[in-house]
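Enquirer: Heads up: the protein sequence lines correspond to chains A and B, in order. For reference, each letter of the first sequence is one residue, going 873 to 1039 in this note's numbering. For reference, each letter of the second sequence is one residue, going 8 to 143 in this note's numbering. By construction, the Cβ of each residue, glycine as well, lies at the ideal position given by its N, Cα and C atoms. This structure is in structure tokens; I'll ask about it shortly.
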Amino acid sequence: MIGIPEIFFYIFCALIFGSSLLVVFSYNLLRSAFALFFVLFGIAGFYVLLGGDFLAVIQIMVYAGGINILLIFGTMMTGSISQPETSNPSFQGILTLIGGGGLLLILLIILNHTTWPSQSLIDHGPTTKQIGQLLLRNYILPFEVISFLLVAAMVGAIVLINKGERS
Amino acid sequence: MLENFAYVFTFLIVGIGFVALNLFVSSLIRPNNPNEQKETVYDCGELPVGPGFTQFNMRFYLVAFVFVIFDVEIAFMYPVTVIFKDMVNSGWGILAFVEIALFIIILLVGFIYAWSQGGLEWAKSIKSQFEKTQDT
């Protein structure tokens, strides 16, 4: 018996799989960056199916809406953007192949040897309130440390850009 | 909860369908006789100069980066705003306010630093080049 969540699971699977193939095999770096949007969007769909509504919206807002824009901007600043047809060579040498293959192997071994806590999907309802309560009561210090982390990232970016402009 | 996301899905389908339908209908009824001049890149009526695929200024990256930083800040502030009323009613309002104020002030320091370093000024390099030519 296939319910509606299962149908959506397979739709998102196809979306993620198809667009990640595009990310990897497209010779145009800009197209790869755009295709990554659909991968991140599909992952947001998975979060919805797993009951993480807040996480899903954050995934779309921060990753699909923010980080992906940053990546697209980043590709426009690379030197090879003037040849868009060949800016993203799919095969990048033997060492990369070994590294990627090794990572795949490690992930497969972990997948096989871990007993995942599997339980049927419980409807938790909206989770934003619980997250807010946890942030303000149990995890105050991490919450404030996040802002320091963000400031450190921002200052680092400014220092690097100013240094790059001077040279 | 999945039922709530049915609304989101409906919006998504209607949004994509609206664009697709409009493009399809307009492709049916519009005249199609392109010529060389029509196919040039429209650049505010000016003739385009040079290739379109050029390396962009690093300054764009900083603005995009500051956007992502504040995007993440909003993401963390949103759950706090949802429970703020409950916190006020249960007597924890001041604590919640101080926490979120501290969070914003720390990020504001970073923003002021970006501003003071001229990270948000567009014409900075052009201005310094202009001053250089004035000196010589």
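Could you say which of B:S97, B:G59, B:N40 lies nearest to B:V48 if we only look at CA atoms?
Expert: Cα-wise, what sits closest to B:V48 is B:G59.
Enquirer: At 8 Å on the CB atoms, spell out the chain B contacts of A:K1035, in chain order.
Expert: What A:K1035 touches in chain B: nothing, since even the nearest Cβ is about 10 Å away.
Enquirer: Kindly give me the distance between the Cβ atoms of A:A936 and A:L912, rounded to whole angstroms, as I take these residues to be in contact under 8 Å.
Expert: So it is a contact: roughly 4 Å between Cβ atoms.
Enquirer: Within a Cβ cutoff of 7 Å, which residues of the same chain sit near B:F74, ignoring the five residues on either side of it in sequence?
Expert: Result list for B:F74: empty, nothing under 7 Å.
Enquirer: Return the chain-ordered list of same chain residues with a C-beta closer than 8 Å to the C-beta of B:E10, the five sequence neighbours on each side being excluded.
Expert: Once the five neighbours on either side are set aside, B:E10 has no close Cβ partner at all.
Enquirer: Shorter than 8 Å from the beta carbon of A:S1019 to some beta carbon of chain B?
Expert: Output row for A:S1019: interface = yes.
Enquirer: Just to confirm my understanding: we take A:V920, look at its own chain, exclude 5 residues before and 5 after, and list those with CB closer than 7 Å. What are they?
Expert: Once the five neighbours on either side are set aside, the close Cβ partners of A:V920 are A928.
Enquirer: Which word fits B:L69, buried or exposed, when buried means at least 16 other C-beta atoms lie within 10 angstroms of its C-beta?
Expert: The residue is buried, with at least 16 neighbouring Cβ atoms inside 10 Å.
Enquirer: Along the chain, where does the alpha helix (DSSP H) containing A:T1000 start, and where does it finish?
Expert: Run containing A:T1000: 1000-1005, per the alpha helix (DSSP H) assignment.
Enquirer: According to DSSP, simplified to helix, strand and coil, what is A:E1037?
Expert: Helix at A:E1037.
Enquirer: According to the Cβ coordinates, are A:I941 and B:A103 closer than 8 Å?
Expert: Going by C-beta atoms, A:I941 is not nearer than 8 Å to B:A103.
Enquirer: Is A:Q931 near A:A907, with beta carbons less than 8 Å apart?
Expert: Not in contact: A:Q931 and A:A907 (Cβ atoms no closer than 8 Å).
Enquirer: A:I1018 to B:N40, Cα distance in whole Å?
Expert: Approximately 57 Å, taken between the alpha carbons.
Enquirer: Counting only the same chain and skipping the five closest in sequence on each side, list residues whose C-beta sits under 8 Å from that of B:N29.
Expert: Within the same chain, B:N29 has no close Cβ partners at all.
Enquirer: So, with DSSP's three-state summary, where would you put B:E10?
Expert: If DSSP states are grouped into helix, strand and coil, B:E10 belongs with the helices.
Enquirer: According to DSSP, is B:M128 part of a helix, a strand, or is it coil?
Expert: Note on identity: in this sequence residue 128 of chain B is Glu, with Met being the wrong assignment. Of the three classes helix, strand and coil, the one that applies to B:E128 here is coil, per DSSP.
Enquirer: Output the residue ranges of the alpha helix (DSSP H) runs that lie fully inside the segment 912-993 of chain A and measure 4 residues or longer, sorted by chain position.
Expert: Correct list: 925-930, 940-948, 966-985.
Enquirer: Are the C-beta atoms of B:P55 and some chain A residue less than 8 Å apart?
Expert: By this cut-off, B:P55 is not an interface position.
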